Amino acid sequence: MENFISTQLQPVETCSICTDVFSAEHQPVTLPCKHIFGHECIKKWLRTGRGNNAACPCCRLVMYEKQDPKAAFDTSSIWKALGEQPPERLHTFMTKMWSGLQALWQQKPDGKFTITELLDQAIVPALVQTANSQSPSMARDNDPFLDCYNLIAASWDSLGRPDTATGLAIPFVRLGRLMSSAGSTLPKWLTTVPRTNRLFWKANACLGITDSDISWDVVMDAYKDLSKTQHFPLLHLYTMLISQGMAHNPQPGSLPTRRHEIMNLVVERCCKKIGGETWTGKPNNEFKEVLVVVYEELRRYQLEKKKASLRGHDGEETLVMGVWALAGWNVKKG
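With the first letter of the sequence shown counted as 1, position 134 gets the number 1075 in the numbering used here; the numbers rise by one all the way through.
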């Protein structure tokens, strides 16, 4: 032991980084791993060193998690970052999108907007305004809304501003189509409600970033297997739009008595009025049969039991699942 004390327990006199002797001007500091370095030397190592400079220069113990000051500037990374934004920022963007669509509806009441019109008058202005509304205390170089605008604008301008959507513009144009297809169904006041806008965002986001269309096939697949949650937000939104159409559009005093007349009524109100020419594909006969039961159940729920219409509330998913599950069971049974 005495030999160990006399030979191994030596005082530290020099910095392992610069090899200079410690002094009043070159103060030593101890890291959590107990290794000692000059104060100014280790600060320089941590701030400007290359490679694994978040770790001790001797034992490589990581002292803190390094954060990439700038996320990857590509379509998938920016889209992922947008989905992780605070709900209030997504609501701000959606509100500005609705404002742009309202201006387009005044110009074209039929709602048949070109991609150029959606980008130029709704999507790009909403991205710019949302980025500009960011708090000065937040780092603008890490704002995905600003990154999104830069990427879409640069790509679109470089191609000569064509009437086509590419890259990150694809999910935004699809969002504009989804919102515009609801214009004749959704009351204007509901477009200012955060929970409703959150549902629109989730319904569009569940379709990914490469599919340019909203397809009836996706809605039908979501109904067939309610245990798969990927596309359920779109089915939830669709059910909410049926409910809102029932609440705010004139309804017949009683449903027709003949089955084909009921079917025609439901297809008109729930397929043509909501999806219109915007959604691709066509609902098949099985789906239409189930849709009739869904319509009847919602009608009974809202008009006969005097319950509030669906509005995207938390916990509403259970009711939506129950209605579609019951409708599917009734059709299979009968």
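From the three backbone atoms N, C-alpha and C, an ideal C-beta is built for every residue, glycine too.
Computed from a predicted model, the values in this text were never measured in an experiment.
Query: Ala1080 burial status per 10 Å Cβ neighbour count (16 or more: buried); Result: Residue placement at Ala1080 is poorly supported in this model, since its pLDDT is 48, which falls under 50; the coordinates still yield a value, given next. Exposed is the call here.
Query: Outcome for Arg1241 when other beta-carbon atoms lying within 10 angstroms are tallied against a minimum of 16; Result: exposed
Query: Beta-carbon contacts of Cys1211 that lie in its chain and below 7 Å, excluding the five residues immediately before and after; Result: Ile1183, Leu1232, Tyr1236
Query: Identity of the residues DSSP links to Met996 by a beta bridge; Result: Residue identity differs from the one stated: residue 996 is Ala in this sequence, not Met. Note: Ala996 sits in a beta bridge opposite Val1003.
Query: Span separating the alpha-carbon of Asp1015 from that of Tyr1090; Result: 12 Å
Query: Cut-off 6 Å between Cβ atoms - residues of its own chain near Leu1023, not counting five sequence neighbours on either side; Result: Pro1085
Query: Where the beta strand (DSSP E) containing Phe978 begins and where it ends; Result: 977-979
Query: Top-ranked residue by Cα proximity to Gln1075, from Ala1063, Gly1222, Gln1026, Pro1174; Result: Gln1026
Query: Separation of Arg1001 from Pro973, as counted between CA atoms; Result: 11 Å
Query: Proximity to Cys999 [Cα-Cα], best of Lys1229, His976, Phe1034; Result: His976
Query: Proximity to Pro1224 [Cα-Cα], best of Asp1158, Gly1263, Pro1050; Result: Asp1158
Query: With 16 other Cβ atoms within 10 Å as the buried cut-off, status of Trp1039; Result: buried
Query: Element boundaries [alpha helix (DSSP H), containing Pro1066]; Result: 1065-1073
Query: Top-ranked residue by Cα proximity to Asp1098, from Leu1060, Ala1123, Arg1115; Result: Leu1060
Query: Straight-line Cα distance separating Lys1247 from Thr1093; Result: The residue you asked about is not Thr; residue 1093 is Ile in the sequence shown. When rounded, the distance between both Cα atoms is 46 Å.
Query: Run of the beta strand (DSSP E) containing Val1134, from where it starts to where it stops; Result: Where Val1134 is concerned, there is no enclosing beta strand (DSSP E), given that its DSSP letter is neither H nor E.
Query: Meets three-Cβ-pair contact criterion under 8 Å: the segment 1200-1210 and the segment 1108-1116; Result: no
Query: Cβ neighbour criterion (16 or more within 10 Å) applied to Leu1244; Result: exposed
Query: Residues sharing a beta bridge with Thr955, DSSP; Result: Val962
Query: Rounded Cβ spacing between Ile1150 and Thr1221 (contact assumed at less than 8 Å); Result: No, Ile1150 and Thr1221 are not in contact; Cβ-Cβ is about 17 Å, not under 8 Å.
Query: The segment 1252-1265 touching the segment 1196-1203, judged by at least three CB pairs closer than 8 Å; Result: no
Query: Euclidean distance between Cα positions of Leu1176 and Gly1216; Result: 12 Å
Query: Nearest to Trp1020 (by Cα), restricted to the options Gly1117, Asp1088, Trp1265; Result: Asp1088
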